[in-house]
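Chains as they are written, first to last, in the numbering used here: chain A, 1 to 304; chain B, 1 to 304.
Protein chains: 2
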Amino acid sequence: MLEITFLGSGSAIPSKTRNHPSIALEYYGEQKETILFDCGEGTQKRLMEASISFMKIDKIFITHWHADHFAGLIPLIQTMNLEKRRKDLKIFGPEAERFVSDIIDLGYFGLRFPVEAINVDFEGDIIKKIDASEEFEIYSIPVLHTVPAVAFCFKEKDKWNIDKEKLKKLNLRGGRWLKKIKSLGEAEFKGKKIRLEQIADKKSGLKVVYTGDTKPCENVVKISKEADLLIHDGTFLESEDAKTKSHANVKEAAKVAKDANVKQLILTNISRRYTSTKEMEIESKKIFPNSKIAYDLMKVKLKT
Amino acid sequence: MLEITFLGSGSAIPSKTRNHPSIALEYYGEQKETILFDCGEGTQKRLMEASISFMKIDKIFITHWHADHFAGLIPLIQTMNLEKRRKDLKIFGPEAERFVSDIIDLGYFGLRFPVEAINVDFEGDIIKKIDASEEFEIYSIPVLHTVPAVAFCFKEKDKWNIDKEKLKKLNLRGGRWLKKIKSLGEAEFKGKKIRLEQIADKKSGLKVVYTGDTKPCENVVKISKEADLLIHDGTFLESEDAKTKSHANVKEAAKVAKDANVKQLILTNISRRYTSTKEMEIESKKIFPNSKIAYDLMKVKLKT
Numbered sequence: 001m002l003e004i005t006f007l008g009s010g011s012a013i014p015s016k017t018r019n020h021p022s023i024a025l026e027y028y029g030e031q032k033e034t035i036l037f038d039c040g041e042g043t044q045k046r047l048m049e050a051s052i053s054f055m056k057i058d059k060i061f062i063t064h065w066h067a068d069h070f071a072g073l074i075p076l077i078q079t080m081n082l083e084k085r086r087k088d089l090k091i092f093g094p095e096a097e098r099f100v101s102d103i104i105d106l107g108y109f110g111l112r113f114p115v116e117a118i119n120v121d122f123e124g125d126i127i128k129k130i131d132a133s134e135e136f137e138i139y140s141i142p143v144l145h146t147v148p149a150v151a152f153c154f155k156e157k158d159k160w161n162i163d164k165e166k167l168k169k170l171n172l173r174g175g176r177w178l179k180k181i182k183s184l185g186e187a188e189f190k191g192k193k194i195r196l197e198q199i200a201d202k203k204s205g206l207k208v209v210y211t212g213d214t215k216p217c218e219n220v221v222k223i224s225k226e227a228d229l230l231i232h233d234g235t236f237l238e239s240e241d242a243k244t245k246s247h248a249n250v251k252e253a254a255k256v257a258k259d260a261n262v263k264q265l266i267l268t269n270i271s272r273r274y275t276s277t278k279e280m281e282i283e284s285k286k287i288f289p290n291s292k293i294a295y296d297l298m299k300v301k302l303k304t
Numbered sequence: 001m002l003e004i005t006f007l008g009s010g011s012a013i014p015s016k017t018r019n020h021p022s023i024a025l026e027y028y029g030e031q032k033e034t035i036l037f038d039c040g041e042g043t044q045k046r047l048m049e050a051s052i053s054f055m056k057i058d059k060i061f062i063t064h065w066h067a068d069h070f071a072g073l074i075p076l077i078q079t080m081n082l083e084k085r086r087k088d089l090k091i092f093g094p095e096a097e098r099f100v101s102d103i104i105d106l107g108y109f110g111l112r113f114p115v116e117a118i119n120v121d122f123e124g125d126i127i128k129k130i131d132a133s134e135e136f137e138i139y140s141i142p143v144l145h146t147v148p149a150v151a152f153c154f155k156e157k158d159k160w161n162i163d164k165e166k167l168k169k170l171n172l173r174g175g176r177w178l179k180k181i182k183s184l185g186e187a188e189f190k191g192k193k194i195r196l197e198q199i200a201d202k203k204s205g206l207k208v209v210y211t212g213d214t215k216p217c218e219n220v221v222k223i224s225k226e227a228d229l230l231i232h233d234g235t236f237l238e239s240e241d242a243k244t245k246s247h248a249n250v251k252e253a254a255k256v257a258k259d260a261n262v263k264q265l266i267l268t269n270i271s272r273r274y275t276s277t278k279e280m281e282i283e284s285k286k287i288f289p290n291s292k293i294a295y296d297l298m299k300v301k302l303k304t
């Protein structure tokens, strides 16, 4: 199970109700893990409001280096330091090494824990695996914005559940070899080669994609294929799209969701001009029915 | 008349109710001017909540470069830029040139207006005039913190109002020479030398001092003499003072207010441990009766 919390659902100019972009993903696996995607101004305040401990965050993924997507890092790192954090914090993003180093040098931090920066490719059309834990993997792909920018994909590893009925039918018994077959895909039982799919059912891991700021693009379709949730830039209605090189409008985002055949679409990075998002929702649902518009502190649970 | 708004009244670790330090001073003179003292995370949000236009801010005074006092500058400058600001923004502070330059280089700003940094002395015990407008002056003096830090003083210029009764008694008439005497302090009327105080009443300009983070110190007493309002670091109760080199406790701050013979004291930079500030207020009032404890969005009007 995982839970997404929209800590900020606004765009570059915040409003009274919408903070700068930030999304927390809490993964409830064998171990609980909390990761952040983007970290705009006010992120630590929203974390408090959402009752998410910022001391539990070990990885932060920054889509690009516009201030509305990263300015919350500076006070967040300061707070972690004041709270006596000692373990590593990893920050991933395009040109992360350069910008994280600039951030650490800014002001008087007196930092007492390691902050590691990991550069992520921002050119081309290849999906790259940039991080992995026991239970999930994180991928990135370049997107179309005015500055180097990427989308991130959280992918829970697929799980295989041994089916006792199938074991019985093949005259097999439980034991250590089942651990081996789960990790290798096949194993021997009394001299007989058995493939995992003969005795187990696959449970696909959850897949969540977050685009950050982007025009609609093929790369996002590619990384979002069959995702359980696509969180896409949907800054404005098609009729109010300034047609800059910066953002997607609602229709464009819904079209991406449809093309990628995702299960659910949530639009975020909502322009401050929209005090009501009813029209946005209607526009999106016409193309992709399972659409929602994000708001600050909105929570979404996903179960396998 | 001037109005002070506490945009953030918390200390280094913010809480749900207290933001990082920032104070807006709106001066209603011939021209309205809005200036900021410190600019922690969330300042632009609080400005919106207080209905203060951030496009009207031309001068920002940073007491020192700990992130809780400056991190709001980055998204504030980005918003000003997106809102098509073209006029200068001046940022004053100890080592301002170095830190403002670092801030401007951070991320992709694409800045289209000039940001000027003005260094302020942070050593010694001299009150320095660092800025002046037609109607007020700003002074600074070094304070005692773990890093270079200063206190700022806003001083409205004294005004002289011509007293018609006094003119009459001295057989004088109105005219251009009154403008001259107001600016020079004396002038001639039909060959007779007249001093300003013979014909006018002095109205002392308002004086407000903000300390930023500091241990109690003589420099603050010096710059606060007879101030209408002293806004002093009052992070904790005396009994919970960790005795670090960073902050003043309530009693110490109240003692400074008393020694400087100010009219009013407001304590700010309140530690997040205090959900109620009743005890702080009692402790402060024992030493300095006209004491208050700041809270976010608290407004204080001062009239000459």
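The beta-carbon is built from N, C-alpha and C at its ideal position, and this holds for glycine as well.
Quick one: is residue i buried, meaning 16 or more other Cβ sit within 10 Å of its Cβ, or exposed?
{"i": "residue 98/A", "result": "exposed"}
{"i": "residue 75/B", "result": "buried"}
{"i": "residue 1/A", "result": "exposed"}
{"i": "residue 238/B", "result": "exposed"}
{"i": "residue 5/A", "result": "buried"}
{"i": "residue 31/B", "result": "exposed"}
{"i": "residue 277/B", "result": "buried"}
{"i": "residue 254/A", "result": "buried"}
{"i": "residue 213/A", "result": "buried"}
{"i": "residue 282/B", "result": "exposed"}
{"i": "residue 173/B", "result": "exposed"}
{"i": "residue 55/A", "result": "exposed"}
{"i": "residue 112/A", "result": "exposed"}
{"i": "residue 33/A", "result": "buried"}
{"i": "residue 305/B", "result": "The structure shown does not extend to residue 305/B, since chain B spans only 1 to 304, so no value can be given for it."}
{"i": "residue 265/B", "result": "buried"}
{"i": "residue 206/B", "result": "buried"}
{"i": "residue 289/B", "result": "exposed"}
{"i": "residue 86/A", "result": "exposed"}
Which first and last residues belong to the alpha helix (DSSP H) in which residue i is found?
{"i": "residue 305/B", "result": "With chain B running from 1 to 304 in the structure shown, residue 305/B is simply not present."}
{"i": "residue 219/A", "result": "218 to 224"}
{"i": "residue 82/B", "result": "73 to 82"}
{"i": "residue 251/A", "result": "250 to 260"}
Please list, in chain order, all residues of the same chain as residue i whose beta carbon is under 6 Å from its beta carbon, the five residues on each side excluded.
{"i": "residue 13/B", "result": "272"}
Give me, in chain order, the residues of the same chain whose beta-carbon lies closer than 7 Å to that of residue i; leave out the 5 immediate sequence neighbours on both sides.
{"i": "residue 210/B", "result": "23, 37, 151, 152, 231"}
{"i": "residue 161/B", "result": "200, 201, 203"}
Hey, quick one: how far does the beta strand (DSSP E) through residue i stretch, first residue to last?
{"i": "residue 3/A", "result": "2 to 8"}
{"i": "residue 233/B", "result": "229 to 233"}
{"i": "residue 266/B", "result": "265 to 268"}
{"i": "residue 293/B", "result": "291 to 293"}
{"i": "residue 301/A", "result": "299 to 302"}
If I measure Cβ to Cβ from residue i and keep anything under 8 Å in the same chain, skipping five residues before and after, which residues do I get?
{"i": "residue 29/B", "result": "134, 135, 136, 156"}
{"i": "residue 218/A", "result": "125"}
{"i": "residue 149/B", "result": "63, 64, 94, 122, 142, 143, 212, 213, 214"}
{"i": "residue 297/B", "result": "5, 6, 7, 46, 49, 50"}
{"i": "residue 132/A", "result": "138"}
{"i": "residue 88/A", "result": "58, 113, 114, 115, 116"}
{"i": "residue 198/B", "result": "166, 170"}
{"i": "residue 158/B", "result": "202, 203, 204, 205"}
What residues in the stretch 130 to 156 of chain B have a beta carbon less than 9 Å from any beta carbon of chain A?
Here the close residues are 146, 147, 148.
Entirely enclosed alpha helix (DSSP H) segments - the stretch 126 to 214 of chain B, minimum 4 residues:
As far as the stretch 126 to 214 of chain B is concerned, its whole alpha helix (DSSP H) runs of at least 4 residues are 164 to 169, 177 to 184, 196 to 199.
The stretch 45 to 64 of chain B: positions lying closer than 7 Å to chain A by Cβ:
Cβ contacts with chain A: 45, 48, 49.
Extract the residue ranges of the alpha helix (DSSP H) inside the stretch 16 to 69 of chain A, only unbroken runs of 4 or more that lie entirely within it.
Runs of the alpha helix (DSSP H) inside the stretch 16 to 69 of chain A: 43 to 49.
Chain A contacts made by the stretch 249 to 281 of chain B, where a contact means CB separation under 8 Å:
Of all residues in the stretch 249 to 281 of chain B, none places a beta-carbon less than 8 Å from a beta-carbon of chain A.
If you measure beta-carbon to beta-carbon, which residues of the stretch 97 to 108 of chain B are closer than 8 Å to chain A?
If the cut-off is 8 Å between Cβ atoms, the stretch 97 to 108 of chain B has 99, 102, 103, 105, 106, 107, 108 near chain A.
Residue ranges of each beta strand (DSSP E) run of no fewer than 3 residues wholly in the stretch 83 to 125 of chain A, ordered along the chain?
DSSP runs (the beta strand (DSSP E)) wholly in the stretch 83 to 125 of chain A: 89 to 93, 115 to 119.
Residues of the stretch 2 to 14 of chain A with a CB closer than 7 Å to any CB of chain B: list them in chain order, please.
Taking 7 Å as the Cβ-Cβ cut-off, the stretch 2 to 14 of chain A approaches chain B at 12, 13, 14, given in chain order.
Taking beta-carbon pairs under 9 Å, can you tell me which members of the stretch 212 to 245 of chain A lie near chain B?
If the cut-off is 9 Å between Cβ atoms, the stretch 212 to 245 of chain A has nothing near chain B.
Name the residues in the stretch 81 to 96 of chain B whose C-beta lies less than 8 Å from a C-beta of chain A; which are they?
Here the close residues are 82, 83.
Using a Cβ-Cβ cut-off of less than 7 Å, give me the residues of the stretch 282 to 298 of chain B that come near chain A, in sequence order.
Listed by position along the chain: nothing, the set is empty.
What residues from the stretch 22 to 44 of chain A come within 7 Å of chain B, judged by C-beta to C-beta, listed N to C?
Answer set for the stretch 22 to 44 of chain A: 41, 42, 44.
Residues of the stretch 171 to 195 of chain A with a CB closer than 8 Å to any CB of chain B: list them in chain order, please.
If the cut-off is 8 Å between Cβ atoms, the stretch 171 to 195 of chain A has nothing near chain B.
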